[in-house]
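One structure is given here, and the rest of the page talks about it.
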Amino acid sequence: MNETATISGPPALEMRDLALGAMRDQSVSVAEEINWTVNAGEFWVVAGPQRSGKSDFLMLTGGLMSPTRGRHRCFGAEMPIFEEERLAERLRLGLVFDGGQLFNHLTIAENVALPLRYHENLTPDEAEPRVQAMLELAELSRFADCAPPAIARNWQKRAGLARALMLGPDVLLLDNPLARLDPRHANWWLNFLGQLARGQTALRAQPMTLVATSESFRPWRDHASHFALLNDGKFIPIGNRAALEASADALVRELLAGATDADASTSVQKK
Amino acid sequence: MQRGDVTSFDVSGTNFLLRGPLPRSYANFLGRKLFLFLLTIQGLGAFALITLGVFIRKFRTAPHVIRPLMRREIARSGSRLLPMFLFVAVALGLLVIGQTVSALARVGAIQWLGSIMVIAVVRELGPLLAALLVLARVGTANVVELGTARALGEVEALEALGIDPVHYLVVPRVVGMAVGMFSLTVYLILGALVSGYVWAFLQEVPLLPGDYFSQIAGALTYLDFVLLALKTCAFGFIIAIVTCYHGLAQPLQLDEISRATVRAVAQSIIACVLIDALFIIFYLTVG
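Right, dumping it as structure tokens:
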């Protein structure tokens, strides 16, 4: 992908002197002195070992929790946003959870339709064409009427992605999207996210800003444009692919060479 | 416990508990319990006010999504429980009314039947029994469902989608339970009164249906109807608030849900009894 394909305007995400607490207990420090700028159109991968706080970091980035110190902005707007009047600014961010976090009392189609129906006050019939289009894009049409527990985890994660995309966010945050996926699904995700980042999907013609967390850099090295490391309470923006390849940091080399869990099993070829 | 505390007891006396100072651990225990009780009251009060605020502020938000949920909750807390309530109504008629009518007939006090029926069934037993049944059938399910949703991260998912969890998960349950509780109590009372007469009739009590129902109608005042509606809606509201609070308001692990359910049931019962006591005071004051 074109690494310089950025869009002018305020940064998509900006963090200055930020300190991050754990989601379950804010008094537990996860990382401090986070300084990070994500320009619109960039595709970042934040990698780190297990329990380094990647999910907490993404919850903070998505505005689901407040930093314990520092400033966090999204397109120039102060985060987190809890005010009803600023909901439109808040919805410029989409979040895809590790396990999909689907609502088990709804079918897959109803899950995907929910944000659209809620925010635009649509009946199921009114929402159906857009929901069907999204299900086709994510290859989920045959599971439309299934309950989430009835389908495999691979497909649940895709449904979580489809649901997050329903409101057309400008920034998409993905929590460990490749974890526990089989190689075929991991390949699909990498290609689909690459298309989103380039603005080449039927969904959107403009590049989308992406931030994904992972336990390895390896599957992302040919897909993402920028990389960062989260480890031992420190957030280190590494930079673009060249900077990643040139990094002498032992953990970066380890995360580039080998891989942990399912990421390692995906020998992914860029489409 | 410290050594000094042990020696302060006069174990030979029978009233040593009154004369000796309590061990510090007892005071700590009671203090902790009192503190937790006050925190729970504060939490429940705040949760109830937030829910009311969201209900009013977002009354017109996403009606195509929220109103079907309300209808589903009304069905769950109301019409789906109707068969069980009719069974309980028949049993209540047998246990209370059939025997009361028969006893009153034996002592020649059948003219008090209407007043006794209204006080026992319409004002007290009907609403309280309905509250306990709805708590057992739907309230416990609320804690489990919401506790599981919280433990599995569904609440964070709603927030990430810009959907207020209180609006989506709590408001429909509160409305459904308040409306369902009122409707079920009315059915329960009507069923109990009718079945009570049937049981009395089977015991060959000399009482015509017209006399029986005119006595009950004569004993009812407009205040009974108003307070019955208020009391049942209050029961529904408080059970929904307590059960949703324990399921949703605190982060839970899956293995904590059973304890949260037990706490919610105990606190709901206490809250309902306290509300009932307030209504009794009101009846005694106004009536």
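In order, the protein sequences belong to chains A and B. In the numbering used here, each number is its position in the first sequence, counted from 1, plus 4. By the numbering used here, the letter at position 35 of the second sequence is numbered 17, and the numbering carries on one by one without gaps. Heads up, the beta-carbon is just placed ideally off N, CA and C, and yes, glycines get one too.
- In chain A, what lies closer than 8 Å to Val47/B by C-beta? To locate residue 47/B, count along the second sequence from 1; it is residue 65. Here the neighbours are Leu118, Arg121, Tyr122 and Asn125.
- Examine chain C for any beta-carbon lying closer than 8 Å to the beta-carbon of Phe79/A, and answer yes or no. Of the protein chains in this structure, namely A and B, none is chain C.
- Message: Can you pull out the residues from the stretch 220 to 249 of chain B whose beta carbon lies closer than 7 Å to at least one beta carbon of chain A?
- Response: Pro233
- Message: I want to see whether chain A comes within less than 8 Å of Gly55/B, judged by CB atoms only; does it?
- Response: Reading the second sequence from its first residue, position 73 is the one you call residue 55/B. The question names Gly, but residue 55/B in the sequence shown is Glu. Not one chain A Cβ lies under 8 Å of Glu55/B.
- Message: Assess contact between the stretch 213 to 221 of chain A and the stretch 54 to 68 of chain A, defined as three or more Cβ pairs (one per stretch) separated by less than 8 Å. Is contact present?
- Response: Per the Cβ contact rule, the stretch 213 to 221 of chain A is in contact with the stretch 54 to 68 of chain A (3 or more Cβ pairs under 8 Å).
- Roughly how many whole angstroms lie between the Cα atoms of Ile251/B and Val244/B? Locating residue 251/B in the second sequence gives position 269, counting from the first residue. Locating residue 244/B in the second sequence gives position 262, counting from the first residue. Rounded to the nearest angstrom, the two C-alpha atoms are 11 Å apart.
- Task: Would you tell me roughly how many angstroms separate the C-alpha atoms of Leu17/A and Met69/A, rounded to the nearest one?
- Result: Taking the first sequence and counting its residues from 1, one reaches residue 17/A at position 13. Taking the first sequence and counting its residues from 1, one reaches residue 69/A at position 65. Rounded to the nearest angstrom, the two C-alpha atoms are 15 Å apart.
- Message: When you compare the CB positions of Met159/B and Glu55/B, do they come within less than 8 Å of one another, or not?
- Response: Position 177 of the second sequence, counted from the start, is the residue given in the question as residue 159/B. Position 73 of the second sequence, counted from the start, is the residue given in the question as residue 55/B. Yes.
- Nearest chain A C-beta to Ile145/B closer than 8 Å, yes or no? Taking the first residue of the second sequence as position 1, residue 145/B is located at position 163. Yes, Ile145/B counts as interfacial toward chain A.
- Message: Could you check whether Gly57/A and Val34/A sit closer than 8 Å to each other, using their CB atoms as the reference points?
- Response: Here residue 34/A is taken as the residue at index 30 of the first sequence, counted from 1. Here residue 57/A is taken as the residue at index 53 of the first sequence, counted from 1. At the C-beta level, Val34/A and Gly57/A come within 8 Å of one another.
- Query: When the cut-off is 8 Å and only beta carbons count, does Met(-17)/B lie next to chain A?
  - Reply: On the second sequence, position 1 is the one that residue -17/B refers to. Below a pLDDT of 50, predicted positions are generally treated as unreliable, and Met(-17)/B, at 39, falls in that range; no measurement from the model is reported.
- Message: In the DSSP assignment, the beta strand (DSSP E) including Ile101/B goes from what residue to what residue?
- Response: If you number the second sequence from 1, residue 101/B lands on position 119. From DSSP, Ile101/B is part of no beta strand (DSSP E); its letter is neither H nor E.
- For Leu134/B, which of Gly103/A, Ala113/A, Leu200/A and Glu87/A has the nearest alpha-carbon? In the second sequence, counting from the first residue as 1, residue 134/B sits at position 152. For the residues Gly103/A, Ala113/A, Leu200/A and Glu87/A, the minimum Cα distance to Leu134/B belongs to Gly103/A.
- Query: What's the call for Phe11/B, buried or exposed, on a 16-neighbour Cβ count within 10 Å?
  - Reply: In the second sequence, counting from the first residue as 1, residue 11/B sits at position 29. The residue is exposed, with fewer than 16 neighbouring Cβ atoms inside 10 Å.
- Query: How close, in whole Å, do the beta carbons of Gly66/A and Leu177/A come, if the pair is a contact with beta carbons under 8 Å?
  - Reply: As a first step, residue 66/A is located in the first sequence; it is residue number 62 there, counting from the start. As a first step, residue 177/A is located in the first sequence; it is residue number 173 there, counting from the start. Indeed they touch by this definition, with Cβ atoms about 5 Å apart.
- Item | Cys78/A - partner residues in DSSP beta bridges | Numbered from 1 along the first sequence, position 74 holds the residue referred to as residue 78/A. Answer by DSSP bridge pairing, in chain order: Leu17/A and Ala81/A.
- With 8 Å set as the bound, which would you pick, yes or no: does the beta-carbon of Phe107/A sit closer than that to a beta-carbon of chain B? Residue numbering aside, residue 107/A sits at position 103 when the first sequence is read from its first letter. Yes - at least one Cβ of chain B is within 8 Å of the one on Phe107/A.
- So is Arg94/A in contact with chain B if we call contact Cβ pairs under 8 Å? The residue labelled residue 94/A in the question sits at position 90 within the first sequence. Cβ-Cβ to chain B under 8 Å: yes for Arg94/A.
- Query: Can you list, in chain order, the residues of its chain whose CB lies under 8 Å from that of Ala112/B, leaving out five sequence neighbours each side?
  - Reply: Start at 1 with the first residue of the second sequence, and residue 112/B comes out as number 130. Around Ala112/B: Phe67, Met163, Leu166, Thr167, Leu170, Thr214 and Phe217.
- For Leu68/A, which residues in chain B fall below 8 Å Cβ to Cβ? Your numbering for residue 68/A matches position 64 in the first sequence. Taking the beta carbon of Leu68/A as reference, the chain B residues within 8 Å of it are Glu138, Glu141 and Ala142, listed in sequence order.
- Take Thr122/B and list the residues in its own chain whose beta-carbon comes closer than 8 Å to its own, dropping the five residues that flank it on each side. To locate residue 122/B, count along the second sequence from 1; it is residue 140. Contacts found: Thr225, Thr243, Ala246 and Val247.
- Which one or two residues does DSSP pair with Gly25/A in a beta bridge? The count along the first sequence starts at 1 and reaches residue 25/A at position 21. The beta-bridge partner set that DSSP reports for Gly25/A consists of Ser33/A.
- Through-space distance from Ala9/B to Thr(-11)/B, alpha-carbon basis: On the second sequence, position 7 is the one that residue -11/B refers to. On the second sequence, position 27 is the one that residue 9/B refers to. Summary for Thr(-11)/B: the model assigns pLDDT 38, below 50, so the residue's position carries little reliability; its value from the coordinates is reported in the next sentence. Ala9/B has its alpha-carbon roughly 17 Å from the corresponding atom of Thr(-11)/B.
- Query: chain A partners of Gly135/B, CB-CB under 8 Å?
  - Reply: Here residue 135/B refers to the residue found at position 153 of the second sequence. By Cβ distance, chain A contributes Phe101, Gly103 and Gln105.
- When we look at the beta-carbon of Lys15/B and count the other beta-carbons within 10 Å, is it buried (16 or more) or exposed? For the purposes of this step, residue 15/B is taken as the residue at position 33 of the second sequence. Label assigned to Lys15/B: exposed.
- Query: For the stretch 232 to 240 of chain A against the stretch 45 to 55 of chain A, are there 3 or more C-beta pairs whose distance is under 8 Å?
  - Reply: yes
- Task: Can you check the stretch 131 to 181 of chain A for any beta strand (DSSP E) of at least 3 residues that lies completely inside it and give the ranges in chain order?
- Result: 175 to 178
- Query: DSSP three-state call for Ser269/A: helix, strand or coil?
  - Reply: For the purposes of this step, residue 269/A is taken as the residue at position 265 of the first sequence. In this predicted model, Ser269/A has a pLDDT of only 43, less than 50, meaning its place in the structure is not dependable; the value taken from the coordinates is given anyway. In this structure, DSSP gives Ser269/A a helical state, which the three-state scheme calls helix.
- Contact set between Leu91/A and chain B, taken where Cβ atoms lie within less than 8 Å: Numbered from 1 along the first sequence, position 87 holds the residue referred to as residue 91/A. Near Leu91/A (Cβ distances below 8 Å), the residues of chain B are Gly144.
- Going by beta carbon distance, what residues of the same chain come within less than 8 Å of Ile257/B, once the five residues before and after it are set aside? Counting from 1 along the second sequence, the entry for residue 257/B is found at position 275. So the qualifying residues of the chain are Lys213, Ala216, Phe217 and Ile220.
- Which one or two residues does DSSP pair with His230/A in a beta bridge? Counting from one through the first sequence, the residue named residue 230/A turns up at place 226. In the DSSP output, where bridge partners are listed per residue, His230/A has Trp48/A and Asn244/A.
- Query: For chain B, is any of its Cβ atoms less than 8 Å away from the one on Arg134/A?
  - Reply: Taking the first sequence and counting its residues from 1, one reaches residue 134/A at position 130. No, Arg134/A does not count as interfacial toward chain B.
- Task: Sort Phe19/B, Leu31/B, Val100/B and Ala87/B by Cα distance to Val152/B and report the nearest one.
- Result: Taking the second sequence and counting its residues from 1, one reaches residue 152/B at position 170. Closest by alpha carbon: Leu31/B.
- Message: Can you look up Ser251/A in the DSSP assignment and give me helix, strand or coil?
- Response: As a working note, residue 251/A is residue 247 in the first sequence. The answer is coil: DSSP assigns Ser251/A none of H, G, I, E or B.
- Query: For Ala44/B and chain A, any beta-carbon pair shorter than 8 Å?
  - Reply: To locate residue 44/B, count along the second sequence from 1; it is residue 62. By this cut-off, Ala44/B is an interface position.
- Item | Length-filtered (3 minimum) beta strand (DSSP E) runs lying within the stretch 3 to 86 of chain B | Note on the stretch 3 to 86 of chain B: there is no whole beta strand (DSSP E) run with a minimum of 3 residues.
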